[in-house]
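Each remark here refers to the structure printed beneath this line.
There are 2 protein chains.
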Amino acid sequence: MPPIKNLTIDAERLWDDLMQTARIGGTAKGGICRLTLTDVDREVRDWFKARAQALGCAVTVDDMGNMFARRRGQRDDVPPIAMGSHLDTQPSGGKFDGALGVLAALEALQTLHRAGYETFAPIEVINWTNEEGSRFTPGMIASGVFAGAFTRDWAIARQDRKGESFGEALDKIGYRGGEPCGAHKLSAFFELHIEQGPYLEAGGKEIGVVTGVQAMRWYEMTVTGQDSHAGTTPMPRRHDALLGAARIVEAVNDCARQFPEAVGTVGLMEVRPGSPNVIPGEAYFTLDLRDPDATVIDRMETAIAAAAERIAGELGLSVALKNVSTQPAVEFDKGCIASVRAAVKASGYSSRDIISRAGHDAAYVARVAPTTMIFVPCRDGISHNEAEFSRKEQCSAGAQVLLQVVLDYDRQLTERHRRG
Amino acid sequence: MPPIKNLTIDAERLWDDLMQTARIGGTAKGGICRLTLTDVDREVRDWFKARAQALGCAVTVDDMGNMFARRRGQRDDVPPIAMGSHLDTQPSGGKFDGALGVLAALEALQTLHRAGYETFAPIEVINWTNEEGSRFTPGMIASGVFAGAFTRDWAIARQDRKGESFGEALDKIGYRGGEPCGAHKLSAFFELHIEQGPYLEAGGKEIGVVTGVQAMRWYEMTVTGQDSHAGTTPMPRRHDALLGAARIVEAVNDCARQFPEAVGTVGLMEVRPGSPNVIPGEAYFTLDLRDPDATVIDRMETAIAAAAERIAGELGLSVALKNVSTQPAVEFDKGCIASVRAAVKASGYSSRDIISRAGHDAAYVARVAPTTMIFVPCRDGISHNEAEFSRKEQCSAGAQVLLQVVLDYDRQLTERHRRG
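Those sequence lines, one after another, are chains P and G.
My numbering applies: residue 115 is where the first sequence begins, and numbers increase by one.
My numbering applies: residue 115 is where the second sequence begins, and numbers increase by one.
Here's what the structure looks like:
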């Protein structure tokens, strides 16, 4: 079958939607602060719902607040082909992370609507709740419940720093729906996202064909020494926990650089007692290790633990390393990836295969439905930052591929159903 | 003149006073939490006042809350010979830091009282307000006002973390006196203190003849990089402020170890934004440099600033170093030190000359009166810690020397006045 070429998304309309919704929670520096389940999240959800309904969609909400805007197909008994991402942001997030995936999906749906094109399967646009995890940890909690990674009751009871629960926050903004989270079956799920890294831009490629998500492991480390007087304790008699932590930070950096694809990050550190004239007796910090190959993370963990023990021994400290989270590597669905390749080819864009270095809702959804992602470049690889930026033509390329992918996948479904 | 040998302090009575007052603000682990100008500070001040009055002393209070318990001499027009220290503690302080200097002074005074010994000059015991600086910064603020290092109005307006001012706290516990701080003239001041370091214990010496206080300088340093996504930012593209800070911590340690007497400490560090999956864009930390010779601190400052610039250059960071406090080295009064040497000799204790590595009220008082200090050993050099400990005989040796010093200094004063 030749690819469908006559449907083209409207780049201006998509850009207008991105800029219009960016005002909801917009910051002075051009970013967005739209924490999940806040009043501004309700506002953008209301906008999304109204827009989808204006296109004739039925909008349903599950009991984790995930929103499904559904355009009917020829066969409404077939599970929908879904697209989407998330509308919440980091506290100082950009205009594109999450929003592009939802608004491009809406634009693709609108293109079908205006053309009067009837798909075989229903088409849905999904807005997943709390992808970022900035207000309620962990991130991707609602797609995690959808995929069975967490229980609904555990997730609903998560509290923000003010002690408000996820469930209370859902009720407060009126987005606790009736459908049990996870009951919603999908024929496939496609998530368009900015790369959040430098590779597409550096290689001059317009589209990233995402083949999987790298593995990730989180740890907490505590280095214990002895707090003592900064004036009276001679250098050779010190058991300085911060000096030990500093050497471990260096070891993490050294270790990650030994593997071409690996990253290792100490992002949070607390030093106790934390007084200018007291030698630190304790340093607590987090450790984030990632690589497409989980066995590389195993090797990094072993090397870092050994380095930490050696450093602690040299300084008369003790050290405790605790694994607190493990995300296996994800391989996306081969059929979905083939559809992306076909769509890229049909659209004429340049592309490369790429691994997602960040976590995404698609990584959980992949456990319960054929899933993949499409990446577009972002400037300097910067994300989770108000300076995050992708150009209009980069966004529209992603949206066009997303539309083509859905059409391709829908034709495959049609073929499969015809053959029985 | 032969030394006076017939007056001996009561080791048991001193120990009992140390243990009794340690209950005021006493902690479960055997330390003391007696923050300045709190209810427990009032309680120990009331105890001190009552005890001094029972020995026939007049107790006056200045407008910084410093307390002066005065025993009359033959010549009440001669400024008093004073002894003392402070009764406030760190949040998890020990039983000896400060308390020993006040209670041993009280014991010396009691010994004179019981013996009916009449000194030439009046003898005073001083309790300085807020030596520790744990509730109101900076430490030694009231002896600092006494010596003209700070203005009274500035000090009175200092606020604790709850926004209560020093002046309000003085009024609340009823210890804002009428005498202007600094108007109180002294013939001399002697402060007995635990060493808070390891040298006396290591050398098997009973008394430290303190010849001065080392110089100290405080700095704040901020390392700025770029916060970015821990998953998507490849190692070579990072500008990790914490990695830079870690290398500077190592450089501070290396630098201090190049000078035999120097110490260098990073005691407080804050990493921003402080999220496990965000590469730190900023690290803020304090730097405390000390050496008996201020020119060594100059050299350390130059070396550390150069190392920080080099490290920042390597990692694509920027770094700002700001000097926030400078304490010059203090040389104590030669006449006072001679009295301590004479007292040590008369008492038969082993001793060594020593520099104080910590700041003390005596360092400020030395600006306005002949001053020195006497040190006694403490176990493992540990201080500012609930485990801080000196043995009964170590405490009483210090008290005995303190008494002898006052008698020696008083006789010198007598001689000087006779000669006119």
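All C-beta atoms in this analysis are idealised placements derived from N, C-alpha and C, irrespective of residue type, glycine included.
Just the Cα atoms here: how many angstroms apart are residue i and residue j?
{"i": "Ala360 (chain P)", "j": "Pro387 (chain G)", "result": "18 Å"}
{"i": "Met115 (chain P)", "j": "Asp124 (chain P)", "result": "Bear in mind that a pLDDT of 49 at Met115 (chain P), under 50, signals an unreliable position, so the number given afterwards is only what the model happens to contain. Computed Cα separation, rounded: 25 Å."}
{"i": "Gln310 (chain G)", "j": "His498 (chain G)", "result": "8 Å"}
{"i": "Ala355 (chain P)", "j": "Lys163 (chain P)", "result": "53 Å"}
{"i": "Arg272 (chain P)", "j": "Thr416 (chain P)", "result": "32 Å"}
{"i": "Cys171 (chain G)", "j": "Arg186 (chain G)", "result": "8 Å"}
{"i": "Val324 (chain G)", "j": "Glu364 (chain P)", "result": "41 Å"}
{"i": "Gly262 (chain G)", "j": "Gly296 (chain G)", "result": "7 Å"}
{"i": "Tyr231 (chain G)", "j": "Gly512 (chain G)", "result": "20 Å"}
{"i": "Trp129 (chain P)", "j": "Ala219 (chain P)", "result": "13 Å"}
{"i": "Pro294 (chain P)", "j": "Phe264 (chain P)", "result": "13 Å"}
{"i": "Gly495 (chain P)", "j": "Lys143 (chain P)", "result": "18 Å"}
{"i": "Ile287 (chain G)", "j": "Glu245 (chain G)", "result": "17 Å"}
{"i": "Arg290 (chain P)", "j": "Trp332 (chain P)", "result": "31 Å"}
{"i": "Thr243 (chain P)", "j": "Thr150 (chain P)", "result": "7 Å"}
{"i": "Val192 (chain G)", "j": "Leu284 (chain G)", "result": "30 Å"}
{"i": "Ala329 (chain G)", "j": "Gln441 (chain P)", "result": "52 Å"}
{"i": "Gly198 (chain G)", "j": "Lys436 (chain G)", "result": "35 Å"}
{"i": "Gly473 (chain P)", "j": "Leu314 (chain G)", "result": "58 Å"}
{"i": "Ser552 (chain P)", "j": "Gly253 (chain G)", "result": "Nothing in the structure corresponds to residue 552 (chain P), since chain P is present only between 115 and 534."}
{"i": "Arg156 (chain G)", "j": "Gly345 (chain P)", "result": "29 Å"}
{"i": "Phe250 (chain P)", "j": "Gly208 (chain G)", "result": "41 Å"}
{"i": "Ile393 (chain G)", "j": "Arg352 (chain G)", "result": "8 Å"}
Leaving out five residues before and five after residue i in sequence, what residues of the same chain have Cβ atoms less than 8 Å from its Cβ?
{"i": "Thr485 (chain G)", "result": "Ala302, Phe303, Phe304, Glu305, Phe446, Asp447, Cys450, Ala476, Val479"}
{"i": "Glu507 (chain P)", "result": "Ala125"}
{"i": "Asn367 (chain P)", "result": "Gly378"}
{"i": "Cys509 (chain G)", "result": "Ala125, Leu128, Trp129, Leu132, Phe210, Leu214, Ala218, Val490"}
{"i": "Thr141 (chain G)", "result": "Cys147, Ser206, Glu500"}
Pick helix, strand or coil for residue i, following the three-state DSSP scheme.
{"i": "Phe260 (chain P)", "result": "helix"}
{"i": "Gln441 (chain G)", "result": "strand"}
{"i": "Gln328 (chain G)", "result": "coil"}
{"i": "Thr174 (chain P)", "result": "strand"}
{"i": "Leu516 (chain G)", "result": "helix"}
{"i": "Tyr463 (chain G)", "result": "coil"}
{"i": "Arg404 (chain G)", "result": "strand"}
{"i": "Val216 (chain G)", "result": "helix"}
{"i": "Gln310 (chain G)", "result": "coil"}
{"i": "Asn367 (chain G)", "result": "helix"}
{"i": "Thr135 (chain P)", "result": "helix"}
{"i": "Ser504 (chain G)", "result": "coil"}
{"i": "Gln526 (chain P)", "result": "helix"}
{"i": "Ile146 (chain G)", "result": "strand"}
{"i": "Gly102 (chain G)", "result": "Because residue 102 (chain G) is not part of the residues shown, which for chain G are 115 to 534, the question remains open."}
{"i": "Phe162 (chain P)", "result": "helix"}
{"i": "Leu128 (chain G)", "result": "helix"}
{"i": "Met349 (chain P)", "result": "helix"}
{"i": "Met115 (chain G)", "result": "Note on Met115 (chain G): pLDDT 49, under 50, position unreliable in the model; no value is reported."}
Tell me which same chain residues have a C-beta within less than 6 Å of the C-beta of residue i, skipping the five on either side of it?
{"i": "Val377 (chain P)", "result": "Ala370, Arg404"}
{"i": "Glu238 (chain P)", "result": "Phe182, Arg184, Pro194, Ala196"}
{"i": "Gly139 (chain G)", "result": "Ile146, Cys147, Arg148, Val154"}
{"i": "Asp522 (chain G)", "result": "Ser453, Ala456, Ala457"}
{"i": "Lys319 (chain P)", "result": "Ser464, Ser465, Arg466"}
{"i": "Gly179 (chain P)", "result": "Thr243, Leu284, Tyr289"}
{"i": "Tyr398 (chain G)", "result": "Thr336, Glu384"}
{"i": "Glu396 (chain P)", "result": "Thr338, Ala355, Arg386"}
{"i": "Ala421 (chain G)", "result": "Ala365"}
Might you give, ordered along the chain, the residues of its own chain that have their beta carbon closer than 7 Å to the beta carbon of residue i, omitting 5 neighbours on each side?
{"i": "Leu517 (chain P)", "result": "Leu121, Ile123, Ala222, Thr225"}
{"i": "Val520 (chain G)", "result": "Ile195, Met197, Ala222, Ile237, Phe304"}
Does the separation of the CB atoms of residue i and residue j fall below 9 Å?
{"i": "Ser470 (chain P)", "j": "Val490 (chain P)", "result": "no"}
{"i": "Ile362 (chain G)", "j": "Val337 (chain G)", "result": "yes"}
{"i": "Ala136 (chain P)", "j": "Leu527 (chain P)", "result": "no"}
{"i": "Val216 (chain G)", "j": "Ile255 (chain G)", "result": "no"}
{"i": "Gly430 (chain P)", "j": "Gly339 (chain P)", "result": "yes"}
{"i": "Val482 (chain G)", "j": "Phe260 (chain G)", "result": "yes"}
{"i": "Ala443 (chain G)", "j": "Asp407 (chain G)", "result": "yes"}
{"i": "Gly427 (chain G)", "j": "Thr400 (chain G)", "result": "no"}
Below 8 Å, is the gap between the Cβ of residue i and the nearest heavy atom of the ligand ADP?
{"i": "Lys459 (chain G)", "result": "This structure simply doesn't include the ligand ADP, nor any ligand for that matter."}
Considering only residues of the segment 178-252 of chain G, which uninterrupted alpha helix (DSSP H) runs meet the minimum length of 4 residues and lie entirely inside it, listed in chain order?
Counting only runs of 4 or more residues that sit fully inside the segment 178-252 of chain G, the alpha helix (DSSP H) segments are 213-229, in chain order.
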